[in-house]
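**Student:** Letter by letter, the sequence shown follows residues 427 to 718 of the working numbering.
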Amino acid sequence: MSSYPRTIGILHPGEMGGPVGAAARLAGGRGLWASEGRSAATRQRAEQAGLEDAGSLQRLVAEAQVLISVCPPHAAQSLAEAVAALGFTGLYVDANAISPAHTAEIAATLHRAGTGFVDGGIVGPPVRRAGTTRLYLSGARAAEAAACFEGSPLATMVMTGDIGAASALKMAYAAYTKGGTALQAAILALAQGHGVEADLRQEWEISQPGLADQARASLERAAPKAWRFVPEMEEIAATFEAMGLPGGFHHAAADIYRRLEGHAEDPDPQAAALILELLDDPSKPRGVPLRG
Ligand SMILES: NC(=O)c1ccc[n+]([C@@H]2O[C@H](COP(=O)([O-])OP(=O)(O)OC[C@H]3O[C@@H](n4cnc5c(N)ncnc54)[C@H](OP(=O)(O)O)[C@@H]3O)[C@@H](O)[C@H]2O)c1
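As structure tokens, then:
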């Protein structure tokens, strides 16, 4: 890849994509985005990140040397197909929370169009300062993608594995963090449903100090993003199943997040109400008597 200046397109400047674009600029690159079809919130984030508007995806593909896909997991494939259809010949980094198999499909789509591909996975919050967020990269051209962020607050971790490794790492990581939050939320709802929430809290204070508050705080943080966590949990379940392991933990986690999808615009979700909402699923059987 040629040295600076390097033009990097962000697809799209979401909560994470915006700061990733800002990091690329801090590393000396020129940051682009495409406003066509995007919301006012995305525009605001793009402007905050100092990205230039290429207008359309077509224009973005024509100008960028590197494209970074940072979008909801369910949109990753169609976005890659749109880029492939436009004949992008630069380097495409898919940094989404998707399974290694899904990543391989995207890589194949782009490969057929003559596009270079690097697998990516982001761990940590939207990057604003050094030390919080890591972009894992794998594949033969991973180091080229890492160079786009050299000296920026976004740390890059070039893995020895091939395409699929960065996605697998992200799946394994989020399986525990987001999967764990869903499990804790389900437990809080279970205890609430049986009227033993205060007893569980008391027991946790003895045997698992801090867990009760942490579980409620994690639930409140997750609720506005639940709509995006649903497909991510399904991607994780598929990753387990492809390895011959049970995917049921994360299908259930997807179900939990599905019940919270309505909070996308909620600025201040409260754990108490969210727990009741988890219990309020009309499709679930009620009043099943305990046996024994
Ligand atoms: N946020 C985090 O803390 C975090 C942490 C680690 C990894 N990640 C990863 O980063 C990725 C994006 O997350 P995010 O938090 O940035 O999401 P986000 O804030 O919801 O942003 C998603 C961006 O993609 C666009 N988009 C939405 N639907 C789309 C579609 N169907 N096709 C194409 N673009 C679409 C949105 O544009 P419009 O809204 O304008 O349509 C928005 O600009 C995910 O794969 C996630 O796993 C995020």
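All residues carry an ideal CB built from backbone N, CA and C; glycine is no exception.
Does the Cβ of Q474 have 16 or more other Cβ atoms within 10 Å, making it buried, or fewer, making it exposed?
**Tutor:** exposed
**Student:** Taking the alpha-carbon positions, what's the G619 to A611 distance?
**Tutor:** 12 Å
**Student:** Quick one, which of L705, E576, G606, A572 has its alpha-carbon nearest L452's?
**Tutor:** Of the candidates L705, E576, G606, A572, the one whose C-alpha sits nearest the C-alpha of L452 is E576.
**Student:** Taking the alpha-carbon of V544 as reference, which of T529, D707, R538 has the nearest alpha-carbon?
**Tutor:** T529
**Student:** So the beta strand (DSSP E) M655 belongs to, where does it begin and stop?
**Tutor:** Note that residue 655 corresponds to Phe in the displayed sequence, not to Met. Run containing F655: none in the beta strand (DSSP E); it sits in the alpha helix (DSSP H), 652 to 668.
**Student:** For Y562, which residues does DSSP report across the bridge?
**Tutor:** G547, M583
**Student:** Given a cut-off of 8 Å, decide if Y562 and M583 are closer than it, judged by their beta-carbon atoms.
**Tutor:** yes
**Student:** Counting C-beta neighbours from all protein chains within 10 Å, is the total for S504 16 or more, i.e. buried, or is it exposed?
**Tutor:** exposed
**Student:** I need the straight-line Cα distance from V656 to L616, nearest angstrom please.
**Tutor:** 20 Å
**Student:** CB G590 to CB P526, shorter than 8 Å?
**Tutor:** In contact: G590 and P526 (Cβ atoms closer than 8 Å).
**Student:** May I have the straight-line CA-CA distance separating R432 from A643, to the nearest angstrom?
**Tutor:** 41 Å
**Student:** Mark G621 as exposed unless 16 or more other C-beta atoms lie within 10 angstroms of its C-beta, in which case mark it buried.
**Tutor:** exposed
**Student:** By alpha-carbon positions, which one of M669, E661, A668, L645 ends up nearest to E687?
**Tutor:** L645
**Student:** Under 8 Å, Cβ to Cβ, is there at least one residue of chain B near N522?
**Tutor:** Among the chains of the structure shown, chain B does not appear; only one protein chain is present.
**Student:** Grouping DSSP H, G and I as helix and E and B as strand, with all else coil, what is P715?
**Tutor:** The predicted position of P715 is uncertain, since its pLDDT is 43 and thus under 50; a value taken from the coordinates is nonetheless stated next. Three-state result, P715: coil.
**Student:** Going by the CB atoms, is the gap between A652 and H677 shorter than 8 Å?
**Tutor:** no
**Student:** Do A510 and T535 have their beta-carbon atoms positioned less than 8 Å apart in this structure?
**Tutor:** yes
**Student:** When DSSP labels each residue in this structure, what does T433 get in the three-state scheme?
**Tutor:** strand
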